[in-house]
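Chemist:
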Amino acid sequence: MSHSFYLKPIPQLDVAKVMAATGYNDVRFVEGYPQPQADAWPQGLTYVYRDEVSARALEVDYSDEVLQVRIFAASSPDDYRLALKLVEAVASLHGTRIEPEDNEEMTLPDFQAAYGEAWLKDHCKSCLAAILQSYTRNPESSIKLSGVNRTMELGKRVFTQMTQDKSRVAQEFFARLKKLNYFDKEDVYQATIIVLGNKQGDRNVRLSTYTEGVPTLFVDKNTLITLVSDADLSRNDDERKQQFVPLHELARMIGERAQWISENVLLAPGLSGDEWQRLQRHAAEVAVDDMFEYGFDPHNDPFAEAGQAAAAGPLSDDDIKLLAYAPIAVFCIVAAADGSIDKKEVKAFQVELLKGIITDSELMQKVMVHVVSDFEGMIGAFLKQEVDAKEKLEQILRVLDGKLSAEESHKFKVSMLSIGKSVAEASGGFLGMFGSKISKEEKRALVGLAMFLGLAGE
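Counting in our numbering, the sequence shown runs from 38 upward without gaps.
(1) Taking Cβ positions, are LEU95 and VAL103 nearer each other than 7 Å?
(2) Answer yes or no: the CB of TRP313 versus the heavy atoms of the ligand FAD, is any distance below 6 Å?
(3) Hey, which unbroken runs of the alpha helix (DSSP H) at 4 residues or more fall wholly within the region 118–196?
(4) How many Å lie between VAL325 and GLY310 at the Cα?
(5) Return yes when the Cβ of MET453 is within less than 7 Å of the Cβ of ALA363, no when it is not.
(6) Thinking LEU157 and ARG118 are a contact (beta carbons under 8 Å), I'd like their distance in whole angstroms, please.
(7) Would you mind sorting ASP274 into buried or exposed? The rule is 16 or more other CB atoms within 10 Å of its CB.
(8) Would you grab the beta carbon distance between ALA320 and LEU264 for me? Rounded to a whole angstrom, and I think it's under 8 Å.
(9) Compute the distance between the beta-carbons of LEU124 and VAL106, then report whether it is under 7 Å.
(10) Using the three-state DSSP reduction, which class does TYR99 fall into: helix, strand or coil?
(11) Just verifying my parser: in three-state terms, what is the DSSP assignment at VAL451?
(12) Let's test the definition: count the other Cβ atoms within 10 Å of the Cβ of ALA75 and tell me whether it reaches 16, buried, or not, exposed.
(13) Excluding the five sequence neighbours on either side, which residues of its own chain have a C-beta within less than 6 Å of the C-beta of VAL90, listed in chain order?
(14) In whole angstroms, what separates the C-alpha of VAL67 from that of SER446?
(15) Would you call ASP159 buried or exposed, if buried means 16 or more other Cβ atoms sit within 10 Å of its Cβ?
(16) Tell me, which residues are paired with PRO283 by DSSP?
(17) So the beta strand (DSSP E) ALA305 belongs to, where does it begin and stop?
(18) Please return the same chain residues whose Cβ sits closer than 7 Å to the Cβ of ASN259, not counting the five positions on each side in sequence.
(19) Between TYR226 and VAL256, which are expected to be in contact by the criterion C-beta below 8 Å, what is the C-beta distance as a whole number of angstroms?
(20) Sorted by chain position, which residues of the same chain lie with C-beta nearer than 7 Å to GLY184's C-beta, five sequence neighbours on each side aside?
(21) How is the alpha helix (DSSP H) around TYR362 delimited, first residue to last?
(22) Just the C-alpha distance for VAL195 and ALA295, rounded to the nearest angstrom, thanks.
(23) If we ignore side chains and look at the alpha-carbon of each, how far apart do ASP224 and LEU303 end up?
(24) Looking only at DSSP bridge pairs, what is GLN74 linked to?
(25) Which of the three DSSP states, helix, strand or coil, is assigned to GLN314?
(26) Beta-carbon within less than 8 Å of ARG65's beta-carbon, same chain only, minus the 5 sequence neighbours each way: which residues are those?
(27) Determine the direct distance from the alpha carbon of PHE281 to that of PRO73, and round the result to whole angstroms.
(28) Could you pull out every residue in the same chain whose Cβ sits closer than 6 Å to the Cβ of GLU249, ignoring the five residues on either side in sequence?
(29) Should the region 433–448 be regarded as contacting the region 353–371, the criterion being three or more beta carbon pairs within less than 8 Å?
(30) Excluding the 5 residues preceding and the 5 following SER317 in the sequence, name in chain order all residues of the same chain whose CB lies nearer than 8 Å to its CB.
(31) With DSSP collapsed to three states, give me the class of PHE340.
(32) Spatial neighbours of ALA349 within its chain, please: CB distance less than 8 Å, with the 5 preceding and 5 following residues excluded, ordered by chain position.
(33) Check TYR219 in the structure and name its three-state DSSP category.
(34) Taking VAL371 and ALA461 to be in contact with their CB atoms under 8 Å, please state how far apart those CB atoms are, rounded to whole angstroms.
(35) Taking only three categories from DSSP, how would you classify PHE109?
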């Protein structure tokens with residue numbers, strides 16, 4: 038559901054000239070990826086965005102004098118405009134033609150005529166509609182969409198709120214994604230979660246504070262909220278009457294002004310005066326009598342941080358061997374989407390693995406050693422149907438979600454999806470020897486893979 042434009046040859050790319058030609062002075066490179074050096078556009082994959090404007094970053098791949106600008110699904114109209122301006126700037130500076138993924142190579146004037154405001158609005162609308170439709174087909178699940186700075190989880194809470202007014206679904210979606218990206222640049226208090234334990238040591242509870250007049254961002258991990266008024270601030274703890282309210286109840290009491298900007302992230306407005314007093318009265322009706330009864334068993338915490346899980350149970354040798362099946366399982370699922378897998382495809386895949394896969398995941402780099410050393414045995418097990426690719430991916434996902442930090446798990450999943458996309462783009466070759474056309478069957482396989490990995494829209 039993404040969309041790419043290709044320009045070649047581009048022997049060199051000066052960042053300052055390109056940015057000046059776009060007309061934007063707020064374009065930034067996403068941290069953690071290659072950055073410009075001496076004003077030269079970085080080689081390989083990088084990501085750019087407009088600060089405090091973009092909802093999702095653009096992926097830019099600059100390799101072997103070919104520039105690919107890619108717009109992710111569920112990107113905002115502003116993201117599309119940046120992509121088109123970037124393509125136009127490079128084409129104008131270098132006098133090159135442009136090849137859209139869905140069209141033939143064309144001149145800059147033809148490109149501007151075909152890919153203008155009408156195209157971007159229509160494409161943006163259809164891609165977002167596809168994402169939302171994917172959710173409605175399986176409303177018990179959720180879809181994760183990476184923004185510029187943070188990942189939005191689209192689930193029941195977000196979907197229900199933003200679809201109240203059917204005419205404003207797109208605006209509500211992008212407003213939430215932007216707030217999630219840039220809330221740290223606004224006057225919003227990020228509530229701290231405090232974990233308390235009872236005297237017996239068998240129950241813990243998570244607490245956060247909502248203070249009168251303070252816009253607050255909450256993260257829901259079965260969190261209880263205590264309301265603190267201005268008057269309470271001048272009282273001792275013994276004098277203060279504390280009420281503990283589940284976060285979802287707080288959201289319900291505040292109403293539409295409390296926004297779920299991700300499935301477990303709530304942005305509550307700063308209430309004061311009569312509004313605050315009314316909230317306190319309602320809170321008394323739903324307050325939890327025993328906060329520890331609402332809590333959880335510290336030895337069985339459903340919201341334990343992934344990083345803590347990793348520390349408690351580092352990857353075993355068996356885990357590494359299991360994860361090594363990831364690239365091959367992805368290859369088998371995508372390559373077999375439009376028919377059987379032939380020996381030439383397998384050989385081309387092996388050759389490119391030997392050359393090395395470019396990935397930001399250190400774990401993927403580590404498991405590739407096992408893949409290369411036992412490629413024939415591993416691929417043979419799949420081709421002989423001794424191993425089921427989908428079952429293997431389910432096992433892999435359990436390890437990724439259960440033993441890795443959220444960041445490393447996401448990087449590994451992104452690498453898996455990237456391999457799948459490379460396989461799908463193959464036309465008589467693999468990774469770097471492809472055409473850009475993908476069959477309908479392969480697109481369906483990729484969408485299914487992305488949904489399975491929680492990366493829909495990437």
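Cβ coordinates follow ideal geometry from the N, Cα and C atoms, glycine included. Computed from a predicted structure; not experimentally measured.
Modeler: In short:
(1) The residue you call residue 95 lines up with position 58 of the sequence shown. The residue you call residue 103 lines up with position 66 of the sequence shown. Here LEU95 is not near VAL103, since their CB atoms are 7 Å or more apart.
(2) The model on display carries no ligand, and the ligand FAD is accordingly not part of it.
(3) Whole alpha helix (DSSP H) segments, 4+ residues: 145–151, 154–174.
(4) Counted from its first residue, the sequence shown places residue 325 at position 288. Counted from its first residue, the sequence shown places residue 310 at position 273. Using only the alpha carbons, I get a separation of about 24 Å.
(5) For the purposes of this step, residue 363 is taken as residue 326 along the sequence shown, with counting starting at 1. For the purposes of this step, residue 453 is taken as residue 416 along the sequence shown, with counting starting at 1. If you check the CB distance, ALA363 and MET453 come in under 7 Å.
(6) Locating residue 157 in the sequence shown gives position 120, where the first residue counts as 1. Locating residue 118 in the sequence shown gives position 81, where the first residue counts as 1. Confirmed, Cβ separation roughly 7 Å.
(7) Here residue 274 refers to the residue found at position 237 when the sequence shown is read from its first residue. Reliability fails at ASP274, whose pLDDT of 49 lies under 50, so the model's placement of it is uncertain and no value is given.
(8) Translated into positions along the sequence shown, residue 320 becomes position 283. Translated into positions along the sequence shown, residue 264 becomes position 227. Going by Cβ atoms, the distance from ALA320 to LEU264 rounds to 6 Å, so yes, they are a contact pair.
(9) Numbered from 1 along the sequence shown, position 87 holds the residue referred to as residue 124. Numbered from 1 along the sequence shown, position 69 holds the residue referred to as residue 106. This sequence places Val at residue 124; Leu is not what is there. Contact flag set, yes.
(10) The residue labelled residue 99 in the question sits at position 62 within the sequence shown. The DSSP-derived three-state label of TYR99 is strand.
(11) By 1-based counting over the sequence shown, the position of residue 451 is 414. Assigned with DSSP and collapsed to three states, VAL451 falls in helix.
(12) Within the sequence shown, the letter at position 38 stands for residue 75. Exposed, by the Cβ-count rule.
(13) Here the question's residue 90 lines up with position 53 in the sequence shown. In the same chain as VAL90, and ignoring 5 residues on each side of it, the C-beta atoms closer than 6 Å to its own belong to ASP115, in chain order.
(14) Taking the sequence shown and counting its residues from 1, one reaches residue 67 at position 30. Taking the sequence shown and counting its residues from 1, one reaches residue 446 at position 409. The straight-line gap from Cα to Cα measures roughly 19 Å.
(15) Against the sequence shown, residue 159 aligns to sequence position 122. Answer is exposed; the Cβ neighbour count stays below 16.
(16) Counted from its first residue, the sequence shown places residue 283 at position 246. Note: PRO283 sits in a beta bridge opposite LEU261.
(17) Residue 305 sits at position 268 when you count from the first residue of the sequence shown. ALA305: member of the beta strand (DSSP E) spanning 302–305, first to last residue.
(18) Your numbering for residue 259 matches position 222 in the sequence shown. These residues qualify, in order along the chain: ARG243, PHE333, PHE340.
(19) Here residue 226 refers to the residue found at position 189 of the sequence shown. Here residue 256 refers to the residue found at position 219 of the sequence shown. Between VAL256 and TYR226 the Cβ distance is about 13 Å, and since that is not below 8 Å, they are no contact.
(20) Residue 184 sits at position 147 when you count from the first residue of the sequence shown. Beyond the five residues adjoining it in sequence on each side, GLY184 comes within less than 7 Å, by CB distance, of ALA92, ARG93, LEU214, LEU217, ASN218 in the same chain, given in chain order.
(21) As a working note, residue 362 is residue 325 in the sequence shown. Residues 362–372.
(22) Taking the sequence shown and counting its residues from 1, one reaches residue 195 at position 158. Taking the sequence shown and counting its residues from 1, one reaches residue 295 at position 258. For VAL195 and ALA295, the distance between alpha carbons rounds to 11 Å.
(23) By 1-based counting over the sequence shown, the position of residue 224 is 187. By 1-based counting over the sequence shown, the position of residue 303 is 266. Roughly 15 Å separates the two Cα atoms.
(24) By one-based count along the sequence shown, residue 74 stands at place 37. Its beta-bridge partners are ALA77.
(25) Residue 314 sits at position 277 when you count from the first residue of the sequence shown. Looking at GLN314 - three-state DSSP - the assignment turns out to be helix.
(26) As a working mapping, residue 65 is identified with position 28 in the sequence shown. Scanning its chain for C-beta atoms nearer than 8 Å, with the 5 sequence neighbours on each side dropped, one finds around ARG65 the residues VAL85, TYR86, ARG87, ASP88, in chain order.
(27) In the sequence shown, residue 73 corresponds to position 36, counting from 1. In the sequence shown, residue 281 corresponds to position 244, counting from 1. Going from the Cα of PRO73 to the Cα of PHE281 covers about 50 Å.
(28) Residue mapping note: residue 249 aligns to position 212 of the sequence shown, counting from 1. The residues are SER266, ASP267, SER309, TRP313.
(29) Contact between the region 433–448 and the region 353–371 is present, because at least three Cβ pairs lie under 8 Å.
(30) The residue you call residue 317 lines up with position 280 of the sequence shown. Reading off the sequence, residue 317 comes out as Gln, not Ser. The residues are LEU264, SER266, GLN280.
(31) Taking the first residue of the sequence shown as position 1, residue 340 is located at position 303. Reduced to three states, the DSSP call for PHE340 is coil.
(32) Against the sequence shown, residue 349 aligns to sequence position 312. Because ALA349 carries a pLDDT of 37, less than 50, the predicted location of this residue cannot be relied on, and no value is offered for it.
(33) Within the sequence shown, the letter at position 182 stands for residue 219. Reduced to three states, the DSSP call for TYR219 is helix.
(34) Looking up residue 371 in the sequence shown gives position 334. Looking up residue 461 in the sequence shown gives position 424. Contact between VAL371 and ALA461 holds: their C-beta atoms lie close to 5 Å from each other, under 8 Å.
(35) Translated into positions along the sequence shown, residue 109 becomes position 72. Correct three-state label for PHE109: coil.
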